[in-house]
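In order, the protein sequence lines correspond to chains E and F. Take the first sequence: its letters are residues 1 to 349, numbered as in my numbering. Take the second sequence: its letters are residues 1001 to 1634, numbered as in my numbering.
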Amino acid sequence: MYFSQIKWILTVFCMIIGLEAAQLDPTFVEKAKKGHTNNWAVLVDTSRFWFNYRHVANVLSIYRSVKRLGIPDSQIILMIADDMACNPRNPRPATVFNNANQHINVYGDDVEVDYRGYEVTVENFVRLLTGRLPPGTPRSKQLLSDEGSNVLIYLTGHGGDGFLKFQDSEEITSQEMADALEQMWQKQRYHEVFFMIDTCQAASMYERFYSPNILAVGSSMVGEDSLSHHVDPAIGVYIIDRYTYYALEFLEEVSPQSNRSMGEFLKVCPKSACISTVGVRKDLFLRDPNAVPITDFFGSVRPVKMLESVPDVPSIINTVIPQKSTRKAEKTPNKYRYIPPFPTFYSEL
Amino acid sequence: MGLLTDPSSGHGKLTKILLRFYVPLCVLLYIAGVLWFAALASPLVNASTYFSENALLPGLVKSTFREDKAALQYFQELEDEAGKYGDSIPYPWLLAKFRQIGLDSYTHNFTLHSPLNPNETFQGKNVYGILRAPRASSTEALVLTAPYRPPSSVHSTTLPSIAIQLAFAKFAVREKYWAKDIIFLITDHEQLGIQAWLEAYHGVSCGSENTLDHGQLRGRAGAIQAAINLELHSVRIGHVDLKIEGLNGQLPNLDLFNLAARICAKEGIFYTFKERTATFSKSPYKEWWHYFKNMMSMVATQATGIPNGNHGLFLRFGIQALTVEGFQETKGGSRVGLLSMGRVIEGVFRSMNNLLERFHQSFFFYILPSSDRYISIGLYMPAVCMLGAALIIRACAKWCQIQENQQAWKDKGRYHKTSYREAIVLFLILHCIGALFITLPQSVKFLSKFWALEITNTILIALIGNSLAFLSVPYMFGELRNCPQSLNLLCIFSLLELGTTIICLSMNNISLGIICGAIIVPFALIIDVTSSKGYGLLQKTLWLLVHPLVVLLGMVFIITCTMFSQDRAKDIVFRTIFAYRDAVLFSIVDSMIYGNWLYSVIGAIFIPNWLCFWVVAFGNSADISSPSKSKKTD
Chain E
1 MYFSQIKWIL TVFCMIIGLE AAQLDPTFVE KAKKGHTNNW AVLVDTSRFW FNYRHVANVL
61 SIYRSVKRLG IPDSQIILMI ADDMACNPRN PRPATVFNNA NQHINVYGDD VEVDYRGYEV
121 TVENFVRLLT GRLPPGTPRS KQLLSDEGSN VLIYLTGHGG DGFLKFQDSE EITSQEMADA
181 LEQMWQKQRY HEVFFMIDTC QAASMYERFY SPNILAVGSS MVGEDSLSHH VDPAIGVYII
241 DRYTYYALEF LEEVSPQSNR SMGEFLKVCP KSACISTVGV RKDLFLRDPN AVPITDFFGS
301 VRPVKMLESV PDVPSIINTV IPQKSTRKAE KTPNKYRYIP PFPTFYSEL
Chain F
1001 MGLLTDPSSG HGKLTKILLR FYVPLCVLLY IAGVLWFAAL ASPLVNASTY FSENALLPGL
1061 VKSTFREDKA ALQYFQELED EAGKYGDSIP YPWLLAKFRQ IGLDSYTHNF TLHSPLNPNE
1121 TFQGKNVYGI LRAPRASSTE ALVLTAPYRP PSSVHSTTLP SIAIQLAFAK FAVREKYWAK
1181 DIIFLITDHE QLGIQAWLEA YHGVSCGSEN TLDHGQLRGR AGAIQAAINL ELHSVRIGHV
1241 DLKIEGLNGQ LPNLDLFNLA ARICAKEGIF YTFKERTATF SKSPYKEWWH YFKNMMSMVA
1301 TQATGIPNGN HGLFLRFGIQ ALTVEGFQET KGGSRVGLLS MGRVIEGVFR SMNNLLERFH
1361 QSFFFYILPS SDRYISIGLY MPAVCMLGAA LIIRACAKWC QIQENQQAWK DKGRYHKTSY
1421 REAIVLFLIL HCIGALFITL PQSVKFLSKF WALEITNTIL IALIGNSLAF LSVPYMFGEL
1481 RNCPQSLNLL CIFSLLELGT TIICLSMNNI SLGIICGAII VPFALIIDVT SSKGYGLLQK
1541 TLWLLVHPLV VLLGMVFIIT CTMFSQDRAK DIVFRTIFAY RDAVLFSIVD SMIYGNWLYS
1601 VIGAIFIPNW LCFWVVAFGN SADISSPSKS KKTD
């Protein structure tokens, strides 16, 4: 009896010590209060099949916007579960449109899909967020964010109360999502997160979040369906979802220099337009969204480092004037060497 | 608490209640079952149809079919060609058109050895063209089929459907969005052609051996997922009727029917189911009556198990199919041309093209009281189960009664052991007679030569002769007639068999199940081993009325009367006899060519079961009546 009590007390004690140990580095917390230094975007379409064309159009539209606003492809992780452009049912092969007017082909030449088809799984998504990818994963498939990164996470697909379906075989629950974000925070993988989700019952996905510095928006409340915006009769599918459509309408007006705030962005798609109620969660976010420029998440900070002296850039290619062919030249073969991929700036500093 | 084998456990409270109330309970179950089924037609009970399959995306695309002029030209050319070819299919012209359009075109020869006369053979030729999906592998296919009918055919022409088929092929071959191959099939000899083609496509034989030689196909596409059969009787369509009933009462997936209905509505074509549209009436009774007539019309078609169009033969292969039958405009009615028909085909095919899997989402078992309402299997099964339950409860009660009586006899010192053996042997012998009925058509070939009669007449005579001969079965087992215990046991077996059969049958073909149930159950409930001569005579007479052959005769007679109500009585009788002969003959031929199991079910189960009850009805319990009512004293 006594023994069990002692054991219990000991357990509590250990837990307290454990908690103390898990406390974050105060310098990191300090850093987190300052502004961000870089931007990342994780854009995920979780559903496949031709009749889910709109989800691919959604994610590609957001991709287009963030790229236009300045996040480079190397810092965008694009996950697309199906290849709509090459679907044999597509009457406009090799294109994906997000509007019945078909003005913008969102699947243009400059789209880099990082995870495609059956690579889009819950495991890969969580591993991507938490940075637990197997060794040898290409850089393009890694989220190499740090404590200064503002991360935009955009998800679209078919959701339910507390889960989001991936492909047709598995789902991620809201708790798993929240834990993944907490792990990101503990591993100092973000400064702030803007979590944006366009699914049915979207609000259920961010309800369980408990990590700081997350601003979340979902296209519908629990119990509500998110609806598609319109049909393209030429392609014969629902072409975009309502929330994403109005979000894009807003983003199209934004330029890298404009000073629209996140507060404004959170107000897009009122119920009259969306039919579903757009849900917002601000309690984890330390700043006032109205004071946060939208480019903090959709744009990009390009780190600029001032150099005090002009670095000596070695000439990359030896300018050899080709001589007229002589027998001598034939006897002495050219020496080949690898050109260094990037000039080194830091060697002399 | 007694053991399960404890004989005294049969005297529980439940048994007493059962024995006391089983008569009203059975009657109530029967009436409730029939009323339940009738009530299903009311819109208050059933539900509106809806799409289950997300992938279909019905009617989202803008129709772009514009080949109606080409269709008209094809029609005129085809009319000329058909005149030149007499009774055979103008296959060179059709092949040439398919080639010209740019399809892989093939012919398919098949031979039918007449199932009843091996020396007689029929030849047929199908023509088909395959449109290969431009950007997908040929793993899946859709079929657009139309029967070719020569000008001499008794059925109305279907040349416009072949014309629109060609025009649609011409349109479709230019489009790049097909994810499945489309097979354009023109069949010869009505259902024979389609059966032969399907058997050849899948490399199987469905009917008896050496009957239908399905030949070989030289060209193939992938697994067929769905098929539409077109039967347009005119280039100007007043309305189209959607037909779904297939072989053995199989139905296509409800999504396919909904799809066809939705696209027809979208293109502004007046469509009907069973020649009736939906009505709205303020009086719920009138509304019910309208839907009820419609529902019973479907039930009547489905119960026969004979497909009412070429679509019906696809269903066995897991291919969802329906027939769109277009009728000529009536005066003053609405009408559409081939443009709209082409657009309907386009819409339906583009939707089916979107499918990712076979149709599997919606119902396969349903009854339609109208084109926009359905009754699901969950709603109609209780009705049939109630009919079956009446029989099974009666069997239970009878069993308890036997136990009770035995107990009573035991108490009085007169213990009669119930002879299971005799009852079981008799039950099996009577079922062997059923096997005789199934093999009858084979043996008739021989008899026909022997009697030098036409084979059609021989079958009928042999069938009726057999049935009459077996009416004497009760006299063959003379000593059993006076053994009420054995006969009671036989009655229990028969009741259980009939109850199970009706429920099992309804799982496959609800219409057949409910019709059989509604007709037989009340009669089967009154059959008993009796000592009363009057009651015995009554039950024998009534039971004769529900002999399968008598029921068929009655139905044929009613149909003939309604169809030829103006004719004289003598004509009607003759017509009835001929129709009766043909009905029997066709059900046998169908079972041999297509594998229709109606004849087999009747031969293997219903006739033996009927004979079982017949034997029971002849039972005599005079010498040993139940001890409680017995006037005799020991």
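Cβ coordinates follow ideal geometry from the N, Cα and C atoms, glycine included.
Euclidean distance between Cα positions of residue 50 of chain E and residue 90 of chain E: For residue 50 of chain E and residue 90 of chain E, the distance between alpha carbons rounds to 8 Å.
May I ask which residues mark the beginning and end of the beta strand (DSSP E) holding residue 1110 of chain F? Unbroken beta strand (DSSP E) run through residue 1110 of chain F: 1104 to 1113.
Kindly indicate if chain E contains any beta-carbon less than 8 Å away from that of residue 1001 of chain F. Note that residue 1001 of chain F scores a pLDDT of 47, beneath 50, so its modelled location is shaky and nothing firm can be said.
Close-in-space but distant-in-sequence residues of the same chain around residue 1075 of chain F (CB under 7 Å, 5 per side omitted): Cβ neighbours of residue 1075 of chain F beyond the five flanking positions: 1159, 1160, 1163 and 1235.
Looking at the C-beta of residue 242 of chain E, does it have a partner C-beta in chain F at a distance below 8 Å? Residue 242 of chain E does not count as touching chain F.
Name, please, each residue of chain F whose Cβ falls closer than 7 Å to the Cβ of residue 236 of chain E. The contacting residues are 1057, 1060, 1061 and 1350.
Do residue 1576 of chain F and residue 1556 of chain F have their CB atoms nearer than 8 Å? Contact flag set, yes.
To the nearest angstrom, how far is it from the Cα of residue 1182 of chain F to the Cα of residue 1302 of chain F? Each residue's Cα considered, the two are about 29 Å apart.
Measuring alpha carbon to alpha carbon, tell me which of F:1345, F:1179 and F:1132 ends up nearest residue 1227 of chain F. Checking every option, the nearest Cα to that of residue 1227 of chain F belongs to F:1345.
Under 7 Å Cβ to Cβ from residue 1621 of chain F, same chain only, skipping five residues before and after it: list those, please. Its chain contains 1484, 1529, 1530 and 1531 as the residues whose beta carbon lies nearer than 7 Å to that of residue 1621 of chain F, once the 5 sequence neighbours on both sides are disregarded; these appear in chain order.
Against chain E, with Cβ distances strictly below 8 Å, would residue 1125 of chain F count as a contact? Contact of residue 1125 of chain F with chain E is not assigned, every C-beta pair being separated by 8 Å or more.
Per DSSP, what are the beta-bridge partners of residue 230 of chain E in this structure? Residue 230 of chain E is bridged by DSSP to E:240.
Inter-residue Cα distance where the pair is residue 1626 of chain F and residue 1405 of chain F: Confidence in residue 1626 of chain F is poor, its pLDDT being 46 and thus under 50, which makes the residue's placement too unreliable to answer from.
Assigned exposure category for residue 147 of chain E - 16 Cβ within 10 Å defines buried: Here residue 147 of chain E is buried. Its C-beta has 16 or more other C-beta atoms within 10 Å.
Taking only three categories from DSSP, how would you classify residue 209 of chain E? Three-state result, residue 209 of chain E: coil.
Could you pull the start and end residues of the alpha helix (DSSP H) that residue 298 of chain E belongs to? For residue 298 of chain E, no alpha helix (DSSP H) run applies, since DSSP gives it neither H nor E.
Do residue 1367 of chain F and residue 1298 of chain F come within 8 Å of each other at the CB atom, strictly closer than that value? Result yes, Cβ atoms of residue 1298 of chain F and residue 1367 of chain F sit closer than 8 Å.
Using C-beta distances below 8 Å, list every residue in its chain close to residue 1490 of chain F, excluding the 5 sequence neighbours before and after it, in chain order. Sequence-distant Cβ neighbours of residue 1490 of chain F in its own chain, meaning closer than 8 Å and more than five residues away, are 1423, 1426, 1427, 1612, 1615 and 1616.
Could you work out which residues of chain F lie near residue 51 of chain E, taking near to mean beta carbons separated by less than 7 Å? Ordered by position in chain F, the residues that pass the 7 Å Cβ test against residue 51 of chain E are 1054, 1055, 1057 and 1354.
Are there 16 or more other CB atoms within 10 angstroms of the CB of residue 1020 of chain F, so buried, or fewer, so exposed? By the 16-neighbour rule on beta-carbons within 10 angstroms, residue 1020 of chain F is exposed.
Pick helix, strand or coil for residue 1307 of chain F, following the three-state DSSP scheme. Reduced to three states, the DSSP call for residue 1307 of chain F is coil.
Would you call the region 1381 to 1389 of chain F and the region 1513 to 1523 of chain F in contact, with 3 or more CB pairs under 8 Å? Touching, yes.
Would you mind telling me which residues of chain E sit closer than 9 Å to residue 1133 of chain F, beta carbon to beta carbon, in chain order? Listed along chain E, the residues sitting closer than 9 Å to residue 1133 of chain F by beta-carbon distance are 88.
Are any of the Cβ atoms in chain F nearer than 8 Å to that of residue 93 of chain E? When Cβ-Cβ separations below 8 Å define contact, residue 93 of chain E makes contact with chain F.
Based on the DSSP secondary-structure assignment, which residues constitute the bridge partners of residue 1128 of chain F? In the DSSP assignment, residue 1128 of chain F is bridged to F:1106 and F:1185.
Is any heavy atom of the ligand NAD found at a distance shorter than 7 Å from the C-beta of residue 161 of chain E? Looking at this structure, you won't find the ligand NAD or any other ligand, since it has none at all.
Between the Cα of residue 1638 of chain F and those of F:1214, F:1497 and F:1232, spot the shortest distance and give me the residue it belongs to. Past the edges of chain F, shown from 1001 to 1634, lies residue 1638 of chain F, and the structure says nothing about it.
Which bits of chain F does residue 233 of chain E rub up against, with CB to CB less than 7 Å? Result: 1060, 1061 and 1062.
Quick check: the region 1550 to 1564 of chain F against the region 1059 to 1073 of chain F, are there 3 or more CB pairs under 8 Å? With a cut-off of 8 Å, the region 1059 to 1073 of chain F and the region 1550 to 1564 of chain F do not count as touching, because too few Cβ pairs lie within range.
Straight-line CA distance for residue 1400 of chain F to residue 1015 of chain F? Rounded to whole angstroms, the separation of the alpha carbons of residue 1015 of chain F and residue 1400 of chain F is 7 Å.
Environment of residue 1442 of chain F [buried if 16+ CB atoms lie within 10 Å]: By the neighbour-count rule (16 or more Cβ atoms within 10 Å), residue 1442 of chain F is not buried but exposed.
Do residue 81 of chain E and residue 114 of chain E have their C-beta atoms within less than 8 Å of each other? Not a contact, by the Cβ cut-off of 8 Å.
When DSSP labels each residue in this structure, what does residue 978 of chain F get in the three-state scheme? Given a span of 1001 to 1634 for chain F in the structure shown, any question on residue 978 of chain F remains unanswerable.
Can you name the residues of chain E whose CB is closer than 8 Å to the CB of residue 1176 of chain F? Those are 91 and 93, listed as they occur along chain E.
Could you tell me which of E:224, E:199, E:129 and E:163 sits nearest to residue 181 of chain E, measuring between CA atoms? Nearest option by C-alpha distance: E:129.
Give me the Cα-Cα distance between residue 1464 of chain F and residue 1457 of chain F, rounded to the nearest whole angstrom. CA-to-CA, the gap between residue 1464 of chain F and residue 1457 of chain F works out to about 11 Å.
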